[in-house]
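Residue numbers (the working numbering), protein chains in the order written: chain A, 20 to 130; chain B, 10 to 124.
Single-structure report; data block below.
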């Protein structure tokens with residue numbers, strides 16, 4: 020089955036700096052890679068996703084890159100703000116089937 | 010995005026009792042629903058996948074007789090934790106997906122505490 024590794028597990032940045040979270044996956048058949056933001060006690064919220072036919076996608080301060088050959092994808096958050104502080108999860112799936120989640124990254128943005 | 014509700018949001022029960030958690034997709038028909046379990050400061054672990062009108066597919070290590078899943082309609086799936094024990098205490102989250110849609114929409118979660 021699919022295995023998703025996520026690094027780092029914790030990340031502390033100064034407000035205004037950029038944050039990068041990286042994930043690797045094992046199943047070459049995976050073709051959908053969402054990123055979720057989860058605040059304490061709340062549901063995971065989809066913040067951006069990418070499909071395997073695209074190498075990069077951007078939405079305002081958030082971008083995701085995908086390297087299918089190397090089987091890794093990354094989340095980039097620019098101009099971080101304190102409200103970006105949360106736990107971020109990457110995931111991988113094959114065409115609407117089950118998601119396999121990474122272990123999560125606790126992002127702390129210091130004002 | 011689509012709206013998924015979950016009920017109850019929080020439940021406390023005694024050991025040995027059973028608890029039912031409902032997951033509803035409010036504005037779309039979910040052909041597939043997923044149940045996850047999340048321990049504090051940990052990732053989401055898939056427990057089972059349920060398709061409307063058929064038996065759920067359980068992940069390895071998940072006891073199907075303990076965690077009963079029913080997906081009787083395209084808008085409702087239920088998870089029943091039978092004979093609950095303190096180690097079953099956790100945050101349970103459902104998600105819903107539909108057809109060829111890649112996205113999954115998550116419910117708000119249910120915090121179960123077994124005393």
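Quick reminder that beta carbons are idealized off the backbone N, C-alpha and C, glycines included.
Note that the coordinates shown come from a computational prediction; the quantities given were computed from them, not determined experimentally.
Paired residues, beta bridge with residue i - DSSP
i, result
"residue 53 of chain A", "A:68"
"residue 107 of chain A", "A:56 and A:124"
"residue 30 of chain A", "A:126"
"residue 121 of chain B", "B:20 and B:99"
"residue 78 of chain A", "A:81"
"residue 29 of chain B", "B:89"
"residue 54 of chain B", "B:46"
"residue 115 of chain B", "B:104"
"residue 77 of chain B", "B:89"
"residue 38 of chain A", "A:96"
"residue 12 of chain B", "For residue 12 of chain B, which the question treats as bridged, DSSP gives no partner whatsoever."
"residue 73 of chain A", "According to DSSP, which records beta bridges pairwise, residue 73 of chain A is partnered with nothing at all."
CB contact below 7 Å: residue i versus chain A
i, result
"residue 52 of chain B", "yes"
Within-7 Å CB hit, residue i to chain B
i, result
"residue 107 of chain A", "no"
"residue 27 of chain A", "no"
"residue 52 of chain A", "no"
"residue 120 of chain A", "yes"
"residue 74 of chain A", "no"
"residue 117 of chain A", "yes"
"residue 35 of chain A", "no"
Test item: CB-CB of residue i and residue j under 7 Å
i, j, result
"residue 88 of chain A", "residue 21 of chain A", "no"
"residue 51 of chain A", "residue 104 of chain A", "no"
"residue 121 of chain A", "residue 23 of chain A", "yes"
"residue 98 of chain B", "residue 78 of chain B", "no"
"residue 117 of chain B", "residue 62 of chain A", "yes"
"residue 27 of chain B", "residue 91 of chain B", "yes"
"residue 73 of chain A", "residue 101 of chain A", "no"
"residue 106 of chain A", "residue 57 of chain A", "yes"
"residue 55 of chain A", "residue 92 of chain A", "no"
Any chain E beta carbon closer than 7 Å to residue i
i, result
"residue 117 of chain B", "In summary, chain E is missing from the structure at hand, where the protein chains are A and B."
Stretch-stretch touch, CB-based, cutoff 8 Å, three pairs: the segment 72-86 of chain B with the segment 34-51 of chain B: yes
Give the residues from the segment 53-74 of chain B that approach chain A closer than 7 Å (Cβ to any Cβ), ordered along the chain. 53, 55 and 58
Is the segment 22-39 of chain A close to the segment 96-111 of chain A, with three or more CB pairs under 8 Å? yes
Do the segment 16-23 of chain B and the segment 42-49 of chain B touch if we need at least three Cβ pairs shorter than 8 Å? no
When the Cβ atoms of the segment 73-82 of chain A are set against those of the segment 63-72 of chain B, are three or more pairs found closer than 8 Å? no
Would you list, in chain order, the members of the segment 86-103 of chain B that have their beta-carbon closer than 9 Å to a beta-carbon of chain A? 100 and 102
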